[in-house]
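Take a look at the structure set out below.
4 protein chains.
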Amino acid sequence: MDDAGGEPEGAAGVGRIEAFSDGVIAIIVTIMVLELHPPVEKGIAQLVTLWPVFLAYVLSYAYVAIYWVNHHRLFSHAAQVSNGLLWSNMLLLFALSLVPFSTSYLGEQHFSREAVWVYLATMLLPALAYTWLQSVIKATGKQSRVAQEYYAASARKGMAANLIYTAGFPLSLASPWLGISCAVIVAVLWFFPRSRIDQLFARLG
Amino acid sequence: MDDAGGEPEGAAGVGRIEAFSDGVIAIIVTIMVLELHPPVEKGIAQLVTLWPVFLAYVLSYAYVAIYWVNHHRLFSHAAQVSNGLLWSNMLLLFALSLVPFSTSYLGEQHFSREAVWVYLATMLLPALAYTWLQSVIKATGKQSRVAQEYYAASARKGMAANLIYTAGFPLSLASPWLGISCAVIVAVLWFFPRSRIDQLFARLG
Amino acid sequence: MDDAGGEPEGAAGVGRIEAFSDGVIAIIVTIMVLELHPPVEKGIAQLVTLWPVFLAYVLSYAYVAIYWVNHHRLFSHAAQVSNGLLWSNMLLLFALSLVPFSTSYLGEQHFSREAVWVYLATMLLPALAYTWLQSVIKATGKQSRVAQEYYAASARKGMAANLIYTAGFPLSLASPWLGISCAVIVAVLWFFPRSRIDQLFARLG
Amino acid sequence: MDDAGGEPEGAAGVGRIEAFSDGVIAIIVTIMVLELHPPVEKGIAQLVTLWPVFLAYVLSYAYVAIYWVNHHRLFSHAAQVSNGLLWSNMLLLFALSLVPFSTSYLGEQHFSREAVWVYLATMLLPALAYTWLQSVIKATGKQSRVAQEYYAASARKGMAANLIYTAGFPLSLASPWLGISCAVIVAVLWFFPRSRIDQLFARLG
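Protein chains in written order, with the numbering used here: chain A, 202 to 406; chain B, 202 to 406; chain C, 202 to 406; chain D, 202 to 406.
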């Protein structure tokens, strides 16, 4: 890291970081299925009891997949490797690596209040790391008009996600499902391009 | 995802999706072996009792490997990244990620009827996602004559696979092995190029 | 696979097969460490009891690493994708994917005779698949003089490996450690370039 | 490996080794999270008891991430594939693959003296392999002035890391936390570019 400031790397270095991130995300998304232990006893009834674990898996798979898609889009604007890029990205990957843990906990605890808190924490931490990564790429990445519009829209959505996740913590006191709804709302917000919610935030931001 | 419609990405974007898919498929195909727990007791007899788990592993390995080969071929015709491509592919990967679960269940339940149903479901779900992916690439991919012939042949085979898997569910009522045979038939159908079965479907389709 | 005969793919297709193989081999070599369960009780004495599991891990790591190096070298001579290349390579990866299982068995059974047989079987199966892959690349790959010399030397070594592994089965009847020695001899044979053993085989072959 | 001396491979070969290393490191860094087993019982108190396992995970994630960053930097100076490059790199990956084991042991044994020794051993072994890899790349890699300054600074830091890890063993006799501090100091030393510690070593070296 000695010379990271003095000798920034270009597209090749960015490409290797992307490839490494893809590897880590691919593993995260796939090892979660190892928590889906098939029942030892026979019968459909035994299978049906797995629904909370399965639901948690579906939610987390969608969540990590959406991250991959957005990470992919964000990195297409990166122009050089800096310490900020390296470490904000590593923090994001670390935060995402906690998702299999919180997913497993959510499923096994049948969406209990504590499990929802842990789950929301592992949604909020990657969102904060992503906010940092966005600001690094905004500062050091491509500066075309399209890129700048992308940075603005992306920062608005990121801020909204951070707020909604944070709101999930007190809302879980009323009902754990309200907390989970916050995670679902953010997923929907990031999934659908140019949604009404997005336009609402554009007017507010 | 904001600008996915207005600013479609070309070959570079397709390449990154392929690489990510390869990573996920490589992990799926490899972690299945973690379900092959060696027996704690000594002796060949103990090893032999593992045969259903081993057979299920062989079947699923072949199944996922055939998917990789066909995914590879299909993606060679893709020309641009769209939301349809991204999400049909993500759904396919999700569906394939359930295979280690159903494989483990199939092996541990010694090919019971319920386990065969779950297994067939994790064959049918990827097949449906693949059908969606095929239609996306047919609509947005390369339009050369070779590509179009490939789309037609591939769609025929995909439709046949969907039908055979579906037929497996009632057939399992007669015998679970009939249900498993359906999975084997589809594998053979996709494995052998220009087989008689393929030609039969070409005449019917 | 419909058009694999009529429309062989070039370097790009070979590259994707290599990348997929690297992914699978990287996962195989790494998940073996998951079998190294740390002891629950305190104390160095408890750790020391892990030696057979650790020794089996070291042996298998070296074994898979040597495969990766040789696979890398062999593929540098491949020129086109054929069904033979795809499926001999998939069989090789399948065979290698059994190594974590046999390694775990070898370690847990403290190098018992049965475990050595299973281990040798998971050495012999990849060696046979590699022999098939070698013959495919010899027939369809580059035909320069350097390549042809490589094919000849590589085939000789492969044949020697197959013979030594096979000899390990009866030798294990005398002592399991004799069987394991066969695996070690092959590793040494492939590890050291232009060794005396290699020259001996060159004269015999 | 027959012709590794006579026919060294260039940038393409180096690229494949980098990609393979990235794959292995991505898996190592991610499978460690599988040791973070969520508690079966309900309640925040149960979660809090996981702190040593979590702390060990954070430490090891940072450790492996720092290795990836430095491996990336070091390999950008590599110019050709040699047996030395291949095997020093394989030894490094092997040594890093033991980190999930020692991390799990450290967490489960609540940072006991024996666990700290094992952990320091899995810090020292990769550091020694990295020293070998550095000397191989120094001898066979790029020879520009920037590269040579990098080799010198990197070798100084590597030597310092080896010494500090070694010092950790006797220091653990006084307190296991002193031993862990050695691991943390090395991480800080490699993390911050051009730190005062680095300048101190530059004057001493």
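Heads up, the beta-carbon is just placed ideally off N, CA and C, and yes, glycines get one too.
With fewer than 16 neighbouring CB atoms inside 10 Å of its own CB, C/E242 falls in the exposed class. For C/Y351 and C/I267, the gap between their C-alpha atoms comes out near 17 Å.
By the Cβ neighbour-count rule, B/S376 is exposed, with fewer than 16 other Cβ atoms within 10 Å of its own. Residues of the region 222-233 of chain C with a C-beta less than 7 Å from any C-beta of chain B: G224, V225, I228, I229, I232, listed in chain order. Using a 10 angstroms sphere on the CB of B/L307, the tally of other CB atoms reaches 16 or more, which defines it as buried. Counting along the chain, D/Q349 sits inside the alpha helix (DSSP H) bounded by residues 346-375. Between the C-alpha atoms of C/A316 and C/V385 there is a straight-line separation of about 15 Å.
If you check the CB distance, C/L237 and C/Y262 do not come in under 8 Å.
Under the Cβ distance rule, D/F255 does not count among the residues neighbouring chain C, no pair being separated by less than 8 Å. Here C/V389 carries a helix assignment [DSSP, helix/strand/coil]. In the same chain as D/H278, and ignoring 5 residues on each side of it, the C-beta atoms closer than 8 Å to its own belong to I338, G342, K343, A348, Y351, Y352, in chain order. The Cβ of D/P239 sits closer than 8 Å to at least one Cβ of chain A. Judged by DSSP in its simplified three-state form, D/T341 adopts helix. Contact annotation: C/D223 and D/F221 have beta-carbon atoms nearer than 8 Å.
Contact note: C/Y331 does not reach chain B at a C-beta cutoff of 9 Å; the least C-beta distance is about 17 Å. The straight-line gap separating the alpha-carbon atoms of D/P240 and A/S305 is approximately 10 Å. Cβ-Cβ separation between A/P253 and A/F312: approximately 6 Å, consistent with a contact (criterion under 8 Å). Secondary structure remark: continuous alpha helix (DSSP H) runs of at least 4 residues inside the region 242-289 of chain B, in chain order: 245-249, 252-276. In terms of Cα proximity to A/S355, the closest of A/T323, A/V270, A/M324, A/L379 is A/V270. The distance from the Cβ of B/V234 to that of C/V225 is about 11 Å, inconsistent with a contact at the 8 Å cut-off. Neighbours of C/A220 across chain B, judged by C-beta separation under 8 Å: A220, D223. With respect to chain D, the C-beta atom of A/V319 has a partner C-beta closer than 8 Å.
Secondary structure at D/L292: helix, using DSSP grouped into helix, strand and coil. Under the Cβ criterion (8 Å, minimum of three pairs), the region 280-287 of chain A does not count as touching the region 321-332 of chain A.
A straight line joining the alpha-carbon of A/S289 with that of A/A296 spans about 10 Å. The criterion of a C-beta distance shorter than 8 Å is not satisfied by B/S373 and B/W333. B/V300 and B/L390 have their C-alpha atoms roughly 19 Å apart.
CA-CA distance, D/A362 to D/L292, rounds to 18 Å. The DSSP-derived three-state label of C/S382 is helix. For D/F302, the secondary structure class from DSSP, reduced to helix, strand or coil, is helix. One thing to note: D/Y264 has its Cβ no nearer than 8 Å to the Cβ of D/A340. For A/K243, the neighbours in chain B by C-beta distance under 9 Å run, in chain order, Q310, S313, E315, A316. Nearest C-alpha to C/L294 among B/I232, B/Q247, B/V249, B/S382: B/I232.
For chain A, the residues of the region 270-292 of chain D that bring a beta carbon within less than 8 Å of one of its beta carbons are V270, N271, H273, R274, S277, in chain order. Here D/R346 is exposed. Its C-beta has fewer than 16 other C-beta atoms within 10 Å. About 16 Å separates the beta carbons of C/G359 and C/G369, which is beyond the 8 Å limit, so they are not a contact pair.
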